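Here the structure comes first, spelled out in structure tokens, and everything after it is commentary.
Given below as structure tokens:
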């Protein structure tokens, strides 16, 4: 891989956004429940369902073998963008639930394709370094998403959170 640093940086940025869609809500479950006018337990249930889709990740893993790594990663980001747009436009609980479930499905599609892409493209001797950089996305995602989500929820509402996620995608 001739453009190793640039590729790893791009993949790290993409995975940071993917992880932001999964982590933004947890510190703010009560505030989100208030915004969509449902009990806290309803928001927790929607988030639990979004993680439950992980049970189907083996089925999603084969997508990149059939359609290619990049197209599948881009498709997953496209699904996230469409879900973010729905969340930005519709301020109702059903939309929130659908959005976070779509985020879960997207991550289950994106991550296996990313892992396979790294395996295909990064020389074995550099793979640990690449994964070390890409794994920064997990902590960076919360570092970025939490304060941004908190600010937006306090000053504007839930829909701008999804609009910002859409902008990042």
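In my numbering, the protein residues as written are 107 to 275.
Cβ atoms here follow ideal geometry from the backbone N, Cα and C, with glycine treated the same way.
These figures come from a predicted structure and were not determined experimentally.
Practice prompt. Whole angstroms is fine: what's the gap from residue 228's alpha carbon to residue 241's?
Written response: 15 angstroms
Worksheet entry | Beta-carbon contacts of residue 267 that lie in its chain and below 8 angstroms, excluding the five residues immediately before and after | 130, 193, 254, 255, 258, 259
Worksheet entry | Check whether residue 141 and residue 263 have beta carbons under 7 angstroms apart | yes
Item to complete: Rounded to whole angstroms, what's the CA-CA distance from residue 207 to residue 158? Just pull it up for me.
Response: 9 angstroms
Worksheet item: Can you tell me where the alpha helix (DSSP H) with residue 223 in it begins and where it stops?
Response: 199-227
Discussion item. Can you tell me whether residue 175 is buried or exposed? The criterion is at least 16 other CB atoms within 10 Å of its CB, across all chains shown.
Written reply: buried
Worksheet item: If you drop the 5 nearest sequence neighbours on each side, which residues of the same chain put their C-beta closer than 8 angstroms to that of residue 205?
Response: 189, 190, 192, 193, 268
Discussion item. With the cut-off set at 7 angstroms, would you say residue 128 and residue 213 are in Cβ contact?
Written reply: yes
Practice prompt. For the alpha helix (DSSP H) containing residue 122, list its first residue and its last residue.
Written response: 110-129
Worksheet entry | Run of the alpha helix (DSSP H) containing residue 92, from where it starts to where it stops | In the structure as shown, the chain starts at 107 and stops at 275, and residue 92 therefore has no counterpart that could be examined.
Discussion item. Give me the residue from 231, 197, 236 with the minimum Cα distance to residue 112.
Written reply: The candidate whose alpha carbon is nearest that of residue 112 is 236.
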